[in-house]
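Residue numbers (the numbering used here), protein chains in the order written: chain A, 58 to 476; chain B, 68 to 240.
Even glycine gets a Cβ: it sits at the ideal position worked out from N, Cα and C.
Predicted model, so just to flag it, every value in this text is computed and none were measured.
Below is one structure; the comments refer to it alone.
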């Protein structure tokens, strides 16, 4: 990667490039796992350990996030045979992966442990559905919930819709432009053998799918799946002995928020999202800007969430997200492909972590598509992005992940290819 | 004493420790809309909180507020999740800028009060009424009684206000 003028990567400034993701792993993305979140989590952790080429006993730190729908590190660590010097399980969703990587770096920098595994395990389809269907929809409505759930305003789509709708009003964003997010991510998913939905969709498919909650059609919403994902973070100098080219962590911003988190709609413009604030930490800390990014993982719980974040992180001007996502820039083969695994809209849903995993594999130049595997065990990428083909971004050096909890809170991370 | 009630099949409650919500909904049960006004900086706030979001003062006085305003944004739920809402879908959630304190303390701020679109007598709006409402529609508050000390504030079209020629709606009906 041609570093910008501020080439102090070897200095301790913001700990740039000092830590790396050295292992990634996941379960299959299914609906109906027939497994506990404990079994799913340990499956993903074992895969990440094998991927890194380390022993389970090398892991001495563990972090996880959930919405009270998972199993904690206390059980996972025992099941993989690790003795921990540090662990913490926190509540949270889509703004967690990047934020927890930041915490992992902090605790390692403080000398509290040496190698941290981060996991997310969930039966998001067969047990606890994020939208609040099933048992969650029958829960008592108490206190502050009287200002939202009592109005049938509780699922993520219902909660975010006023932001999306106002964006269309403020900037003239068209439904067919937003639908292109799904179209492009589905093209990428068709080249991902492990994606839950591999079908390629058209703009008409999206606009003709049934309305869930205006402005969200069914195909504007992500898939709900049962799965677990895990990543392993350690110091970059220790990564030299491991199996893969490390993905160096260049800069992070975690759970950065808009004002009035008790009800962020009190402060406008409501079509603005947390990236507006987060970009002022992400880019200076990383020493790069949007123009330096080769591929993006833009959280796609909904088509709109991807687009709004791209605007507020500065990949295009505010209000021009509709044009940006329908311009071809975001496609494989385009200037800055995004969600190359198919993302949450198609691959599967694990609250952001699978899009970090995808970028780690992209940076290794060894993404798991259908290209033939060569004698060195690495795929011989064809860069033919037609359906069922390659999804490796050519010569990729720098990636960004834009994590989203809701319009008011986001996390983000820049990684670059290590040596 | 905990306030309890049942509304659309949901068990609603307010703990007696939750003084802010107890007071807010008590005023609503008297069909009166009151918000907390900061004793130090004089700004109103919504929803009820334990301190002022602008100056952090814990002291406030419940103050009567004119419950009228304009739709700032909305959602329109076609696929309801909570069982009782399925019968009233499509239903609207309106995010309404109150006229009171709009544009203050900064031009981006407003007291944005979220509630459903109802008929004037407090029933969920029928589909033809839903189609008339969008960004810019002028609304006034109505109250739906649930229990002693608990009424739900809701929005209905303000029949006496000058309405926009055509409120902005999502292009696909």
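Assigned secondary structure, residue 100 of chain B (DSSP; H/G/I helix, E/B strand, else coil): coil
Amino acids of chain A, ordered along the chain, whose beta-carbon sits closer than 7 Å to that of residue 77 of chain B: 198 and 207
Interface flag, residue 202 of chain B vs chain A, CB-CB below 8 Å: yes
C-beta neighbour in chain A for residue 92 of chain B, strict 8 Å: yes
Neighbour-count burial assignment, residue 282 of chain A, 16 or more Cβ in a 10 Å radius: buried
Collapsed DSSP secondary structure at residue 140 of chain B in the structure displayed: strand
Candidates A/204, A/445 and A/112, of which the one nearest residue 322 of chain A by Cα: A/204
Proximal residues, the stretch 457-475 of chain A versus chain B, C-beta separation under 7 Å: none
Any C-beta of chain B under 8 Å from that of residue 268 of chain A: yes
Beta-carbon proximity check, residue 96 of chain B vs residue 178 of chain B, cutoff 8 Å: no
The stretch 257-288 of chain A: positions lying closer than 9 Å to chain B by Cβ: 264, 267, 268, 269, 270, 271, 272, 273, 274 and 275
Span separating the alpha-carbon of residue 141 of chain A from that of residue 124 of chain A: 23 Å
Residue 68 of chain B, buried or exposed, once every other Cβ within 10 Å from all chains shown has been counted against 16: exposed
Identity of the residues DSSP links to residue 221 of chain B by a beta bridge: B/209
Which residues DSSP lists as bridging residue 397 of chain A, in chain order: Beta-bridge pairing links residue 397 of chain A to no other residue.
Inside the stretch 248-335 of chain A only - beta strand (DSSP E) runs reaching at least 3 residues: 268-271, 283-292 and 304-314
Closest by C-alpha distance to residue 445 of chain A, when choosing among A/248, A/295 and A/367: A/248
For residue 412 of chain A and residue 226 of chain B, the rounded distance between their alpha carbons: 50 Å
Completely contained beta strand (DSSP E) runs for the stretch 73-133 of chain A, where each covers 3 or more residues: 76-83 and 118-123
For residue 243 of chain A, the three-state DSSP class (helix, strand or coil): helix
Status (buried if at least 16 other CB within 10 Å, exposed otherwise) for residue 76 of chain A: buried
Best match in A/210, A/186, A/423 and A/471 for proximity to residue 435 of chain A [C-alpha to C-alpha]: A/423
8 Å contact criterion, which residue 173 of chain B and residue 132 of chain B should meet: CB distance rounded: Residue 173 of chain B to residue 132 of chain B, Cβ: 19 Å. No contact.
Short CB-CB distance (under 8 Å) between residue 144 of chain B and chain A: yes
Residue 224 of chain B at chain A interface by Cβ criterion, 8 Å: no
Cβ pair residue 83 of chain A, residue 107 of chain A closer than 8 Å: no
CB-CB length for residue 126 of chain A against residue 185 of chain A, believed under 8 Å: 4 Å
Chain A contact for residue 235 of chain B (CB, 8 Å cutoff): yes
Top-ranked residue by Cα proximity to residue 334 of chain A, from A/92, A/129 and A/466: A/466
Residue 222 of chain B beta carbon less than 8 Å from that of residue 185 of chain B: yes
Under 9 Å by beta carbon: chain B residues contacting residue 225 of chain A: 235, 237 and 238
Span of the alpha helix (DSSP H) around residue 412 of chain A: 410-421
Chain A contact residues for residue 116 of chain B, given Cβ-Cβ distances below 7 Å: 319
Residues near residue 121 of chain A by beta carbon distance below 6 Å, same chain, minus five either side: 130, 146 and 176
Test item: CB-CB of residue 398 of chain A and residue 237 of chain A under 8 Å: no
Residues that residue 162 of chain B contacts on chain A, provided the C-beta gap is smaller than 7 Å: 219 and 322
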